[in-house]
Amino acid sequence: YTQTIDTKKLSSELRGLRPPGPTRFGPNYFSELRLAPERVSEELTGYGHNGVSPFGLDDSTIPVIVCKSIVVVVDDGDNVNAALTAPRFVWMGGGD
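Numbering (the working numbering), first residue to last: 2 to 97.
1) Is it the case that the Cβ atoms of GLY47 and LEU58 are separated by a distance below 8 Å?
2) Start and end of the alpha helix (DSSP H) containing ARG40?
3) Where do the N-terminal and C-terminal ends of the alpha helix (DSSP H) with LEU102 fall, by residue?
4) Whole-angstrom Cβ separation of SER12 and PHE31, contact assumed at under 8 Å?
5) Could you tell me the alpha carbon to alpha carbon distance between GLU14 and LYS69, rounded to whole angstroms?
6) Expressed to the nearest angstrom, what Euclidean distance is found between the alpha-carbon atoms of VAL72 and PRO64?
7) Which one of THR8, PRO20 and GLU44 has the shortest CA to CA distance from ASN150?
8) What is the DSSP secondary structure of SER70, counted as helix, strand or coil?
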């Protein structure tokens, strides 16, 4: 299993998290997605070089984006929850 990030689609989805209006990000706001500098990453996550994990972060306000191909949405009528599917592990790499 390998996936690449479609940054145009990701940008569109991130913009869509806010309703149309003055608080919505402009169309080019996310046009240059980049990794945070190592110092900033460590300050935000508590993890140093090559050790950043989206699980167990000190700051729970940092959103974690997961590829839809590894999750299934479970709707029990009252709440919609996401649950990981097979494989039962996730290998995270730094990408290209």
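Beta carbons are placed, not taken as given, at the ideal position from N, Cα and C, and that holds for glycine. Since the model is a prediction, treat every value here as computed from it, not as a measurement.
Straight from the coordinates:
1) Yes, Cβ-Cβ distance for GLY47 and LEU58 is below 8 Å.
2) 39-46
3) Here the chain has residues from 2 to 97 only, and residue 102 is not among them.
4) 4 Å
5) 12 Å
6) 16 Å
7) Outside the displayed range of the chain (2 to 97) lies residue 150, so it cannot be described from this structure.
8) helix
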